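*Asks:* Just so you know, we're using my numbering here: the sequence shown kicks off at 9 and counts up by one.
We put the beta carbon where it would ideally sit given N, CA and C, even for glycine.
As the structure is a computational prediction, the values presented were derived from the model and not from experiment.
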Amino acid sequence: MTFQRAVSILWPLRVGVYCNKTLARVLVTSICIFFVLVNAHILYGHTIDQIVNVTNATSTNFYIYVTDDYATFFESTFAWVDTCFASLLPFSLLLAANIVLVRRLRSSLKNTEQKLTFGSASQSHVRQKKTSSVTVTLVAVSVTFIVLTLPLSVYVTYFKTFSRGSDESVDIAAANELTLAIAFMIPRERSHFVWTHYHPEHKRDHRHTYNHDYATFFESTIHMGGRLLSIHSTFLVAVGNRLKSEGSLKQMEQTFGYAPRIQRSPKEDVFHDGDGWPKLS
Numbered sequence: 009m010t011f012q013r014a015v016s017i018l019w020p021l022r023v024g025v026y027c028n029k030t031l032a033r034v035l036v037t038s039i040c041i042f043f044v045l046v047n048a049h050i051l052y053g054h055t056i057d058q059i060v061n062v063t064n065a066t067s068t069n070f071y072i073y074v075t076d077d078y079a080t081f082f083e084s085t086f087a088w089v090d091t092c093f094a095s096l097l098p099f100s101l102l103l104a105a106n107i108v109l110v111r112r113l114r115s116s117l118k119n120t121e122q123k124l125t126f127g128s129a130s131q132s133h134v135r136q137k138k139t140s141s142v143t144v145t146l147v148a149v150s151v152t153f154i155v156l157t158l159p160l161s162v163y164v165t166y167f168k169t170f171s172r173g174s175d176e177s178v179d180i181a182a183a184n185e186l187t188l189a190i191a192f193m194i195p196r197e198r199s200h201f202v203w204t205h206y207h208p209e210h211k212r213d214h215r216h217t218y219n220h221d222y223a224t225f226f227e228s229t230i231h232m233g234g235r236l237l238s239i240h241s242t243f244l245v246a247v248g249n250r251l252k253s254e255g256s257l258k259q260m261e262q263t264f265g266y267a268p269r270i271q272r273s274p275k276e277d278v279f280h281d282g283d284g285w286p287k288l289s
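(1) Would PHE153 and PHE93 be called neighbours here (beta carbons separated by less than 8 Å)?
(2) Based on DSSP bridge pairs, tell me the residues matched to TYR73.
(3) Should the stretch 99–114 be regarded as contacting the stretch 75–86, the criterion being three or more beta carbon pairs within less than 8 Å?
(4) Could you check if ASN106 is buried or exposed, using at least 16 other CB atoms within 10 Å of its CB as the buried criterion?
(5) First and last residue of the alpha helix (DSSP H) that includes CYS27?
(6) With LEU109 and ARG13 assumed to form a contact (beta carbons below 8 Å), what rounded beta-carbon distance in angstroms separates them?
(7) Count the other CB atoms within 10 Å of the CB of LEU21; is the residue buried (16 or more) or exposed (fewer)?
(8) Going by the beta-carbon positions, is the gap between SER16 and VAL23 smaller than 8 Å?
(9) Nearest CA to the CA of ASP76: which residue from THR55, LEU18, LYS118?
(10) For MET9 and VAL36, I'd like the C-alpha separation in whole angstroms.
(11) Could you check where the alpha helix (DSSP H) with ALA48 kicks off and where it finishes?
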């Protein structure tokens, strides 16, 4: 929608040529094919390796690369490519289109004010207020997009590129895993923001839909936060199992301040500590 508005301002006589359903379908299809090709290397670059954990139960490790060279490419080079396509490039295009819209709106408002008479001052004030509202909305869309897409990109580029080898410390490894989970959760907010801004139901009943959907969204976010803590706790328990198998309970107690007695629950396939709690807190 932003680019359609920018095209209608820059080339008003050709907006029917550049903005139509046929061209939109072609562009969407081309973009989908392009990104499938860009990410196709993941299909042959990753493999599944069956390992046996300390409980003698077979588990699957999904973070296995076919070669060391591919691991270096995926965690270093492709991390920057993904950051550009997922966050920086869309943000730059969105920002450029919004700058065009804001400048043209302000220019139109200035020309209108010069043509209006003294008795039309109230009309000028109304137009200025609407222009300011549109400007704030456009800037908010750009800022929200970069804020909600950049954290995951930062994780991919920084933690995977510059923090290689730091996972030898179990506390840093736990922090990195929790950061990844949070970074993957944040784009949900971007999708919800776009829906509440452009969905027809939201336009028809702005106030009611805004309040209702954001209340529902924050409730689901709290639930997601609980799931993230559960993921983090499960990760700590897995670390505890590994340390226990290596005879390093003292190291775990120094790291986390607590060394649980790890055992399997008889009723369900989850880790329990010695006091019967389902997960570490």
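*Replies:* This is what the structure gives:
(1) The answer is no: Cβ separation not under 8 Å.
(2) In the DSSP output, where bridge partners are listed per residue, TYR73 has HIS54.
(3) Touching, no, given that fewer than three Cβ pairs across the two stretches are closer than 8 Å.
(4) Classification of ASN106: buried, given that the 10 Å Cβ count is 16 or more.
(5) Taken as a continuous stretch (DSSP letters only), CYS27 belongs to no alpha helix (DSSP H), as it is neither H nor E.
(6) Contact between LEU109 and ARG13 is confirmed by a C-beta separation of about 6 Å, below the 8 Å threshold.
(7) Its Cβ having fewer than 16 others within 10 Å, LEU21 is exposed.
(8) Yes, the Cβ-Cβ distance between SER16 and VAL23 is below 8 Å.
(9) Distance check between ASP76 and each of THR55, LEU18, LYS118 places THR55 closest, using alpha-carbon atoms only.
(10) Each residue's alpha carbon lies about 13 Å from the other.
(11) If you look at ALA48, you'll find it isn't in any alpha helix (DSSP H); DSSP assigns it neither H nor E.
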